[in-house]
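Q:
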Ligand SMILES: NC(=O)C1=CN([C@@H]2O[C@H](COP(=O)(O)OP(=O)(O)OC[C@H]3O[C@@H](n4cnc5c(N)ncnc54)[C@H](O)[C@@H]3O)[C@@H](O)[C@H]2O)C=CC1
Ligand SMILES: Nc1nc(O)c(N)c(N[C@@H]2O[C@H](COP(=O)(O)O)[C@@H](O)[C@H]2O)n1
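Residue numbers (full-length UniProt numbering): 1 to 219.
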């Protein structure tokens, strides 16, 4: 499986404000690039923190991209994946609408009644890990279900864990023309943080878009 992490950060490295409210850091050109990357992916993944904060749809905006996918024998939208150890995704979340298949990754610690509610709301449940989703095992199950290209949109907790587990192949970051600030505002990689060994990245591409820049690294 190829795992591409894509996110937008402010000039000072934040994903959103300390209130965890979604902020349009990308401009129209970058949002269009994101839509293209989604269209080329088999699934788009976020952590439940992002679902609770933003209620994203994770579907394609451009109708022609949906049509092109259908013409090539795929579903109109890529699948959606939520890392959600305790099955906290609300049953009326937009990721559970009928626009795409949605996999919810849960741990054994997830309450059975929440898991049943998500299943009734149409989610495909993938179980891996005891207290927290074991990402390597969960991604293996997704790969077995046919997901070869996985795009991860955030947030910072999930992105850190994917790097910690050595699962990231590529990182694309749009650095936008805003300053957000705040020591408690989410950053690109939060979690515990690395202290001895730091994942090394090789710069592959630099592209100027809107009033910012897209940096693409191979991990
Ligand atoms: N600017 C951007 O491109 C984006 C910004 N965001 C922002 O990020 C914020 C949300 O980020 P976070 O709070 O960091 O939440 P997150 O989206 O990274 O989700 C973290 C949650 O995922 C679940 N999870 C399950 N297994 C996990 C594992 N192995 N490792 C880590 N988490 C695991 C846990 O319940 C954890 O609390 C929001 O403010 C949102 O607006 C989110 C995505 C993209
Ligand atoms: N690429 C990008 N640029 C920004 O400026 C952003 N704020 C985000 N946020 C991510 O996009 C998701 C929204 O997806 P939908 O439009 O609802 O499909 C949001 O949840 C973040 O993951 N991304």
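We put the beta carbon where it would ideally sit given N, CA and C, even for glycine.
Select from 21, 128 and 169 the residue whose C-alpha is nearest the C-alpha of residue 53.
A: 21
Q: Using the DSSP secondary-structure output, state which residues sit across from residue 14 in a beta bridge.
A: 187
Q: So, are the CB atoms of residue 175 and residue 213 less than 7 Å apart?
A: yes
Q: So, residue 120 versus residue 78, is the Cβ gap smaller than 7 Å?
A: no
Q: Using 8 Å for Cβ pairs, my map puts residue 171 next to residue 135. What's the rounded Cβ distance?
A: Rounded, the Cβ-Cβ distance is 16 Å, inconsistent with contact.
Q: Flag residue 132 as yes when its Cβ comes closer than 6 Å to any non-hydrogen atom of ligand 1, and as no otherwise.
A: yes
Q: Looking only at its chain, what residues have a beta carbon closer than 6 Å to the beta carbon of residue 114, apart from the 5 residues adjacent to it on each side?
A: 87
Q: Can you give, in chain order, each stretch of the alpha helix (DSSP H) that sits fully within the stretch 82-159 and has at least 4 residues?
A: 112-120 and 135-144
Q: Less than 7 Å separating the beta-carbons of residue 17 and residue 185?
A: yes
Q: Using three-state DSSP, classify residue 179 as helix, strand or coil.
A: Residue 179 falls in the coil class under three-state DSSP.
Q: Consider the C-beta atom of residue 20 and the heavy atoms of ligand 1; say whether any pair is separated by less than 6 Å.
A: yes
Q: Specify the secondary structure class of residue 26 as computed by DSSP and reduced to three states.
A: coil
Q: Taking all protein chains shown into account, do 16 or more other C-beta atoms lie within 10 angstroms of the C-beta of residue 118, making it buried, or fewer, making it exposed?
A: Classification of residue 118: buried, given that the 10 Å Cβ count is 16 or more.
Q: Determine contact between the stretch 22-35 and the stretch 190-199, defined as no fewer than three beta-carbon pairs at a distance below 8 Å.
A: Judged by Cβ distances under 8 Å, the stretch 22-35 makes no contact with the stretch 190-199, as fewer than three pairs qualify.
Q: Please say whether residue 1 and residue 220 have beta carbons closer to each other than 7 Å?
A: No answer is possible for residue 220: the residues shown for the chain start at 1 and end at 219.
Q: Considering only residues of the same chain and omitting the five flanking positions on each side of residue 48, which have a CB-CB separation below 7 Å?
A: 82, 83, 84, 88 and 89
Q: Could you check whether the Cβ of residue 56 sits closer than 6 Å to any heavy atom belonging to ligand 2?
A: yes
Q: Measure the CB-CB distance between residue 95 and residue 101 and report whether it falls below 7 Å.
A: no
Q: Cβ of residue 25 versus every heavy atom of ligand 2: is any distance shorter than 6 Å?
A: yes
Q: Quick check on residue 20: does DSSP put it in helix, strand or coil?
A: coil
Q: For a test of the three-state rule: what should DSSP assign to residue 41, helix, strand or coil?
A: coil
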